[in-house]
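Take the sequence shown: its position 78, counted from the start at 1, is 258 in my numbering, and no numbers get skipped.
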Amino acid sequence: MSVDIVELTPERFDDFIRLVFALAEYEHLDRPTPDAVERLRADAFGATPRYQAFLGMLEGEAVGYAITLQTYSSFLARPTQYLEDLFVLEHARTHGVGGRLFDRVLDLAKAGGCGRMEWQVLDWNMLARDFYARRKAEFMK
């Protein structure tokens, strides 16, 4: 099956929000409010974007997304690439979409001269923990 990673565009924003809602459901959280959705739009496409997002496309359908931004490490004196969300719909999880999204963010980190890449995983989410462990992630306590 064909997997592509595309940058979030205003035309794809509805696909993106549909996936954010799906993650909220998966994590048993409330969906973003309409005001939050508008902030997500403004923060992605404003004069100074606050984050970057990518969509994972499987056979042309948006089935996953990643949100990333840079922070800064005072001890490394380098930027840190932070992965806020990485999510793939259940029916698409065995097709490499998550790995391709992760690699796209990792490529950003390398291109940006980052000293490291960080993210958080809920302690109960063993699928995610295993996904990162396969990528040789170092777990912090």
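Heads up, the beta-carbon is just placed ideally off N, CA and C, and yes, glycines get one too. The model shown is predicted, which means the values in this text are computed figures rather than measured ones.
| Asked | Found |
| --- | --- |
| Buried versus exposed, by CB contacts within 10 Å (16 or more), residue 248 | buried |
| Check whether residue 263 and residue 246 have beta carbons under 8 Å apart | yes |
| Residue 191 versus residue 300: straight-line alpha-carbon distance, rounded | 29 Å |
| Ranges of the beta strand (DSSP E) found wholly within the region 183 to 265, counting only runs of at least 3 | 183 to 187, 232 to 238 and 241 to 253 |
| Cβ pair count under 8 Å reaching 3, the region 190 to 206 against the region 255 to 262 | no |
| Pairwise C-alpha distance: residue 193 and residue 231 | 14 Å |
| Cβ-based burial, residue 313 [other Cβ within 10 Å; buried from 16] | exposed |
| Member of 307, 319 and 273 whose CA lies at the smallest distance from the CA of residue 238 | 273 |
| Strand pairing of residue 296, partner residues [DSSP] | 260 |
| DSSP three-state assignment for residue 267, whether helix, strand or coil | strand |
| For residue 188 and residue 244, believed in contact at Cβ under 8 Å, the rounded distance | 12 Å between Cβ atoms; not a contact. |
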